[in-house]
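Visitor: Numbering (my numbering), first residue to last: 1143 to 1431. In this text, a Cβ means the ideal position worked out from N, Cα and C, and glycines have one as well. Could you have a look at this structure, given as structure tokens, before my questions?
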């Protein structure tokens, strides 16, 4: 009887393991299927002109260089603002606030913001940054809106990274006479920083691919002016795809450009993520103290 039970368990474990493997393979197959479909349809548009020129002839010809510049500037500017604020908030919540009622209220707000649709952040950015603060449709308005959008993710990941730092490191620093502030700055933050970069990577990816949050605050249909200041409007890759697919004068003719822009956006986000991952791995392998 016991032998039959063990055999049944082994068969059941193999069955469950096979189901899990099939589910993982299905996800991988779907991912590569989408990439292949986009890449195959983008081939007619792939050329040096597509990467280096601006759109022309009612955006049915030319390239997406202004969109690349706008997307990169928005993503880098967003992380430059959201990452320091997110880390500072996480340090307060983890190292100083503890289980205080205020900390619980802040965490509730962060978790609530993480579930808000991006279109709501776009409407907030339009009403507050564009209209109330009179920043207009500009790069700065888009950066500030995306910074608010990505802040909850960065705070959550940074706080989790801080919690992973062993308490023994803090106790050793206190035993040597270091103040709490010096302990956080010289011991805790260097140990948790590689994990915090995960939040920066997620924020970078989300800021690069957002459409709804920037279409009301930073992105324009078309512009021939270069981005010469933070108060200039920009073109972005996600918004360009949306414009070509919905508002173009010759939508069927621009299909290769739509797929080419989508493929370029995937490559751009992947490239920025790989650079951030390489920086994180290098920090993890470096001696901390």
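According to DSSP, is residue 1203 helix, strand or coil?
Guide: The answer is strand: DSSP assigns residue 1203 an E or B state.
Visitor: Below 8 Å on the Cβ atoms is my guess for residue 1375 versus residue 1360; work out the distance and round it to an integer in Å.
Guide: That belief holds up - the Cβ atoms of residue 1375 and residue 1360 are roughly 6 Å apart, short of 8 Å.
Visitor: Alpha carbon to alpha carbon, how far is residue 1214 from residue 1273?
Guide: Residue 1214 and residue 1273: Cα-Cα distance of roughly 25 Å.
Visitor: Output the residue ranges of the alpha helix (DSSP H) runs that lie fully inside the region 1180-1226 and measure 4 residues or longer, sorted by chain position.
Guide: Here the runs fully enclosed are 1190-1194.
Visitor: Can we say the region 1388-1408 touches the region 1168-1187, given the rule of at least three CB pairs closer than 8 Å?
Guide: Yes, since at least three Cβ pairs between the region 1388-1408 and the region 1168-1187 fall closer than 8 Å, the two stretches touch.
Visitor: Would residue 1267 be called buried (16 or more neighbouring beta carbons within 10 Å of its own) or exposed?
Guide: When all chains shown are included, residue 1267 counts as buried.
Visitor: Do the region 1255-1270 and the region 1330-1345 meet, that is, are 3 or more Cβ pairs less than 8 Å apart?
Guide: Contact fails: fewer than three Cβ-Cβ distances are below 8 Å.
Visitor: Using DSSP with H/G/I as helix, E/B as strand and the rest coil, what is residue 1394?
Guide: Coil at residue 1394, not helix or strand.
Visitor: Find out if the Cβ-Cβ distance for the pair residue 1204, residue 1296 is shorter than 8 Å.
Guide: No, Cβ-Cβ distance for residue 1204 and residue 1296 is not below 8 Å.
Visitor: Using C-beta distances below 8 Å, list every residue in its chain close to residue 1320, excluding the 5 sequence neighbours before and after it, in chain order.
Guide: Around residue 1320: 1328 and 1329.
Visitor: Which partner residues of residue 1176 appear in the DSSP bridge assignment?
Guide: None; residue 1176 has no bridge partner.
Visitor: By the three-class DSSP mapping on this structure, what secondary structure does residue 1330 have?
Guide: The answer is helix: DSSP assigns residue 1330 an H, G or I state.
Visitor: Which class does residue 1242 belong to by DSSP, given the choice of helix, strand or coil?
Guide: If DSSP states are grouped into helix, strand and coil, residue 1242 belongs with coil.
Visitor: What does the alpha-carbon distance come out to for the pair residue 1154 and residue 1173?
Guide: Between residue 1154 and residue 1173, the C-alpha separation is close to 29 Å.
Visitor: Count the other C-beta atoms from every protein chain shown that fall within 10 angstroms of the C-beta of residue 1418, then say buried if there are 16 or more, exposed otherwise.
Guide: Burial call: buried.
Visitor: Using the C-alpha atoms, what's the distance from residue 1351 back to residue 1367?
Guide: Cα to Cα, residue 1367 sits roughly 23 Å from residue 1351.
Visitor: Please state if the CB of residue 1369 and the CB of residue 1219 are separated by a distance shorter than 8 Å.
Guide: Going by C-beta atoms, residue 1219 is not nearer than 8 Å to residue 1369.
Visitor: Measure the beta-carbon distance from residue 1223 to residue 1280 and round it to whole angstroms, keeping in mind my assumption that it falls under 8 Å.
Guide: Their Cβ separation, rounded to whole angstroms, is 15 Å, which puts residue 1223 and residue 1280 out of contact at 8 Å.
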